[in-house]
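Asks: Structure in C-alpha cells, see below.
Number of protein chains: 2
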Amino acid sequence: MILTVTLNTALDITYTVPALVPHTGHRVGDVRERPGGKGLNVARVLTALGYESVVTGFVGGPTGAVVRELLAPLAPHDALVPVAGATRRTVAVVDASSGDTTQLNEPGPTVGPEEWAAFLASYDSLVREAAAVALCGSLPPGVHVGAYAELIRRARAAGAPVLLDTSGEPLRRGIAARPDLVKPNAEELAQLTGGREPLRAARDARRRGAHAVVASLGAEGVMAVTAKGVWHAIPPAPVKGNPTGAGDSAVAGLLSGLVDGLSWPDRLSRAVALSTATVLAPAAGEFDPTAYEDLLERVTVTEQAVAA
Amino acid sequence: MILTVTLNTALDITYTVPALVPHTGHRVGDVRERPGGKGLNVARVLTALGYESVVTGFVGGPTGAVVRELLAPLAPHDALVPVAGATRRTVAVVDASSGDTTQLNEPGPTVGPEEWAAFLASYDSLVREAAAVALCGSLPPGVHVGAYAELIRRARAAGAPVLLDTSGEPLRRGIAARPDLVKPNAEELAQLTGGREPLRAARDARRRGAHAVVASLGAEGVMAVTAKGVWHAIPPAPVKGNPTGAGDSAVAGLLSGLVDGLSWPDRLSRAVALSTATVLAPAAGEFDPTAYEDLLERVTVTEQAVAA
Chain H
1007 MILTVTLNTA LDITYTVPAL VPHTGHRVGD VRERPGGKGL NVARVLTALG
1057 YESVVTGFVG GPTGAVVREL LAPLAPHDAL VPVAGATRRT VAVVDASSGD
1107 TTQLNEPGPT VGPEEWAAFL ASYDSLVREA AAVALCGSLP PGVHVGAYAE
1157 LIRRARAAGA PVLLDTSGEP LRRGIAARPD LVKPNAEELA QLTGGREPLR
1207 AARDARRRGA HAVVASLGAE GVMAVTAKGV WHAIPPAPVK GNPTGAGDSA
1257 VAGLLSGLVD GLSWPDRLSR AVALSTATVL APAAGEFDPT AYEDLLERVT
1307 VTEQAVAA
Chain S
1007 MILTVTLNTA LDITYTVPAL VPHTGHRVGD VRERPGGKGL NVARVLTALG
1057 YESVVTGFVG GPTGAVVREL LAPLAPHDAL VPVAGATRRT VAVVDASSGD
1107 TTQLNEPGPT VGPEEWAAFL ASYDSLVREA AAVALCGSLP PGVHVGAYAE
1157 LIRRARAAGA PVLLDTSGEP LRRGIAARPD LVKPNAEELA QLTGGREPLR
1207 AARDARRRGA HAVVASLGAE GVMAVTAKGV WHAIPPAPVK GNPTGAGDSA
1257 VAGLLSGLVD GLSWPDRLSR AVALSTATVL APAAGEFDPT AYEDLLERVT
1307 VTEQAVAA
C-alpha cells in the first residue's frame, strides 16, 4: 500500500456567491464540503487509479468527524489519529461572476506531545507496510518544525521511499533528512533556495539533501532534476479550468510511478497527465479519467543535456 | 418563562484576518464560534437579565451539535427540535485593518413536513407555559412562507403575547395574523410598506394588523407606534462599537418590559439602553451590564403629539 500523511487535515468548504463584495452581507447559494488536506487528495487520486492507499495524520472535533464521514465512501483506508482539538476548516468563496476564489484557512488544532507520540507509534507500524510514503502539506500548531525530517528518517529506516510536499521551514528541514523526492512548485522552490531560476534552485535542493526534485511549473508542466538526468515534461496544449488539487494529482502520479518502478520519463508523463486531467475536471480536486488516458500518450518529455 | 423561536439557528463563526483581499488566500489568525440566530441571542440577553427563557426552533447535523454544546453553559433552556439536515454556518470575516465585516450566510437545512409537524406539537405545549413569545429571524428552506402567521395564531390562541422580528414576505404574512408587536429596522419597514418615512410606514404596518410597531432606527434610537401613543427614545449620546446583536438586545428589552407590565416609555428605555450597551461591549452580541444600568437612567423618551 501507499501511505499518505496529512498532519493538518481539513474540512474543505466551498461557497458560491454571485459576487464577493467586501464589507457586505452575502447569502450563499451553494455550499459544498469535502475532506481536505493534500495527503487526503493524493490518496483519493491513488484510489481512483486502483492503488491501495492508507491515510494518516490528525483528525479531531466535530469538523474531524465530518471529514471521516465524508472520507469513508472514498475508499482510502482511514488510519487517522484522534486529536483533542478540532480539525480546521478551509473556506473557498467562489465568485460566480469572475470564477475567482478567495480562500480563508483556519490554523488547525494544537497537537500536544502525547498526541504526537501516539501518531509516531502508529506511523512506525504503517511505514513498515508501505511501498511508498508521501508527507503532505502544512504542520498544525504544536507540531515541531522538524517533524517532516523526523518522519523521513523513520520511513527510510523502515525501507520505505519518501516524497515530501510542503513549503517553508518544514521543507528546508525535511530536505536535510534526505527524502527520495521533493515536489515544490516554482514559488516554494524559490522561497527555499532564494533562486528564481528553477533548474538552479532544484540543483541547490539536491545539494541540500533531496535525492530528486520534481518542480511543478504550472502551465509549463514539470521539471525533474535527478541522479539519472534532468527532464522537462509538458502537456500537449495549455488547458483552462480549476487548478485546485492539480499538484496533489501530480504527487499521486509520481508516487504510483515510483511504486510501479517506471522510468523517470514515464513517471513525469503520468504526473503531467493526471494534473492536467484534474484542471479539466468540473469538480475541484477530481480528475477526468478519460482525459487522463488520452493525455498520457500525448505528454512531451524532453531530456535536458545538462548536469543534475 | 419567555419563549424565543429561531427556526433557522446558526453556528456563527468569526474569522479575523489582517485584511480581506478578494481572490487571494488568507491565513485566519483568530477563529471564534458561538451559537447564533436572533432568537438564541435574545434568550441569552434575557437570561443575563435574570429572566427564565426557553429556546426552540430547529437544530441538526454536526454544526447543530456544536450549537447545542455551546448553548448548554449559557443557561437558556434548550427545547430545540432535531432536523435531519445540518444547521447552517454564518461566517463573519473581520478585516482587522478597517474593522469592517464581510458576512457569508449559508441557507440552512431543508425542513420536511414531519419535522415541521413535530415542531408545531412541541411549540403548542411551550406557548401554554410562556409569558411571552418572540419569533425571530429568517425561515429555513422548506418552511412555508406563512409559518410565522401560523405561529402567531397558535400563540394568541394559547393567550401568549407575541413579538415578531423578521423581514420580507414572512414579516408581511406575519403582520396579517395580528402580532402584539413587530420590531423592524428602518430598512425592513421601508421594504414592507414601500414608504421611506418611518412614522408613516409604522402606521401602515399597524393598519395591516400589528398591534404595535417598534422601529429600530440605528443611532437614532427607536420609535414606538402603539394604540396608546407614539414615542421616540434615543440614547444619551451616539456610541461607537460593534452593532452585531444590538437589535436582538432591543427585542430582549421589549419582551422583558412587556412581561414586567412596564409602560411604553419604560420598555423603550430598556430596549435602547440594552442595545446601546451591546454596541459598547467588546464581544459581538454581548452587552456591558454596567453600561446598561448607567444608560437606563439616561435614555430620553419623548411622546410625539401625533396620531398612531
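Line order of the protein sequences matches chains H and S. Here my numbering is used: the first residue of the first sequence is 1007, the next is one more, and so on. Here my numbering is used: the first residue of the second sequence is 1007, the next is one more, and so on. We treat Cβ as the ideally placed atom computed from N, Cα and C, and that holds for glycine. Note that the structure is predicted; figures quoted are calculated from it, not measured.
(1) Taking all protein chains shown into account, do 16 or more other C-beta atoms lie within 10 angstroms of the C-beta of residue 1246/H, making it buried, or fewer, making it exposed?
(2) Using the C-alpha atoms, what's the distance from residue 1312/H back to residue 1192/H?
(3) Output, in chain order, the set of chain H residues within a Cβ distance shorter than 7 Å of residue 1120/S.
(4) Less than 7 Å separating the beta-carbons of residue 1216/H and residue 1185/H?
(5) Does DSSP classify residue 1057/S as helix, strand or coil?
(6) For a cutoff of 7 Å on Cβ pairs, would you count residue 1111/S as touching chain H?
(7) From what residue to what residue does the alpha helix (DSSP H) around residue 1272/H run?
(8) When you compare only the Cα positions, how much space is there between residue 1052/S and residue 1242/S?
(9) Between residue 1144/S and residue 1014/S, is the Cβ-Cβ spacing less than 7 Å?
(10) Determine, using beta carbons only, whether residue 1251/H and residue 1296/H come nearer to each other than 7 Å.
(11) Whole angstroms are fine: how far does the CA of residue 1043/S sit from the CA of residue 1208/H?
(12) Extract the residue ranges of the alpha helix (DSSP H) inside the stretch 1133–1172 of chain S, only unbroken runs of 4 or more that lie entirely within it.
(13) Output needed in chain order: residues of the stretch 1019–1035 of chain S with a Cβ under 9 Å from some Cβ in chain H.
(14) What is the DSSP secondary structure of residue 1116/S, reduced to helix, strand or coil?
(15) Would you verify that the beta carbon of residue 1316/S is, or is not, closer than 7 Å to some beta carbon of chain H?
(16) In chain order, which alpha helix (DSSP H) runs of at least 4 residues are fully inside the stretch 1204–1237 of chain S?
(17) Going along the chain, which residues of its own chain have a beta-carbon closer than 6 Å to the beta-carbon of residue 1018/H, five neighbours each way excluded?
(18) What are the residues in the stretch 1054–1074 of chain S lying within 9 Å of chain H by C-beta distance?
(19) What does residue 1285/H touch in chain S if you count any residue whose Cβ is under 7 Å from its own?
(20) To the nearest angstrom, report how far apart residue 1119/S and residue 1151/S are at their CA atoms.
(21) Does the stretch 1086–1094 of chain S come close enough to the stretch 1298–1306 of chain S to have 3 or more Cβ pairs within less than 8 Å?
(22) Which residues in chain S sit within 7 Å of residue 1099/H, going by Cβ to Cβ distance?
(23) Just how far apart, CA to CA, sit residue 1126/S and residue 1063/S?
(24) I'd like to check one pair, residue 1228/H with residue 1140/H: are the Cβ atoms closer than 7 Å?
Replies: Looking at the coordinates:
(1) For the purposes of this step, residue 1246/H is identified with residue 240 of the first sequence, where counting begins at 1. Exposed, because fewer than 16 other Cβ atoms sit within 10 Å of the Cβ of residue 1246/H.
(2) Indexing the first sequence from 1 puts residue 1192/H at position 186. Indexing the first sequence from 1 puts residue 1312/H at position 306. Those two C-alpha atoms are separated by around 19 Å.
(3) Within the second sequence, residue 1120/S is the residue found at index 114, counting from 1. In chain order: nothing, as chain H lies at least about 24 Å away.
(4) Against the first sequence, residue 1216/H aligns to sequence position 210. Against the first sequence, residue 1185/H aligns to sequence position 179. For residue 1216/H and residue 1185/H, yes; Cβs fall inside 7 Å.
(5) Along the second sequence, one-based indexing puts residue 1057/S at 51. Three-state result, residue 1057/S: coil.
(6) Taking the second sequence and counting its residues from 1, the one referred to as residue 1111/S is at position 105. Answer yes: the Cβ-Cβ gap between residue 1111/S and chain H drops below 7 Å somewhere.
(7) The sequence position of residue 1272/H within the first sequence is 266, counting from 1. It spans 1270–1286 - the alpha helix (DSSP H) in which residue 1272/H sits, taken as one unbroken run.
(8) By 1-based counting over the second sequence, the position of residue 1052/S is 46. By 1-based counting over the second sequence, the position of residue 1242/S is 236. If I take the Cα positions, the gap works out to 23 Å.
(9) Your numbering for residue 1144/S matches position 138 in the second sequence. Your numbering for residue 1014/S matches position 8 in the second sequence. Yes.
(10) In the first sequence, residue 1251/H corresponds to position 245, counting from 1. In the first sequence, residue 1296/H corresponds to position 290, counting from 1. Going by C-beta atoms, residue 1251/H is not nearer than 7 Å to residue 1296/H.
(11) Counted from its first residue, the first sequence places residue 1208/H at position 202. Counted from its first residue, the second sequence places residue 1043/S at position 37. Roughly 53 Å between the two C-alpha positions.
(12) 1153–1163
(13) 1019, 1021, 1023, 1026, 1027, 1028, 1029, 1030, 1031, 1032, 1033, 1034, 1035
(14) For the purposes of this step, residue 1116/S is taken as residue 110 along the second sequence, with counting starting at 1. Residue state, collapsed to three classes: coil.
(15) The shown model of chain S, from 1007 to 1314, leaves out residue 1316/S, and the question about it has no answer.
(16) 1204–1214
(17) To locate residue 1018/H, count along the first sequence from 1; it is residue 12. Excluding sequence neighbours, residue 1018/H sits near 1040, 1042, 1096.
(18) 1067, 1068, 1069, 1071, 1072
(19) Here residue 1285/H refers to the residue found at position 279 when the first sequence is read from its first residue. None at all; the shortest Cβ gap to chain S is about 18 Å.
(20) For the purposes of this step, residue 1119/S is taken as residue 113 along the second sequence, with counting starting at 1. For the purposes of this step, residue 1151/S is taken as residue 145 along the second sequence, with counting starting at 1. Looking at the two C-alpha atoms, the distance is approximately 14 Å.
(21) no
(22) Along the first sequence, one-based indexing puts residue 1099/H at 93. Neighbours of residue 1099/H on chain S, chain order: 1110.
(23) Reading the second sequence from its first residue, position 120 is the one you call residue 1126/S. Reading the second sequence from its first residue, position 57 is the one you call residue 1063/S. Distance between the alpha carbons of residue 1126/S and residue 1063/S: 10 Å.
(24) Position 134 of the first sequence, counted from the first residue, corresponds to residue 1140/H. Position 222 of the first sequence, counted from the first residue, corresponds to residue 1228/H. Their beta carbons are not under 7 Å apart, which means residue 1140/H does not touch residue 1228/H by this criterion.
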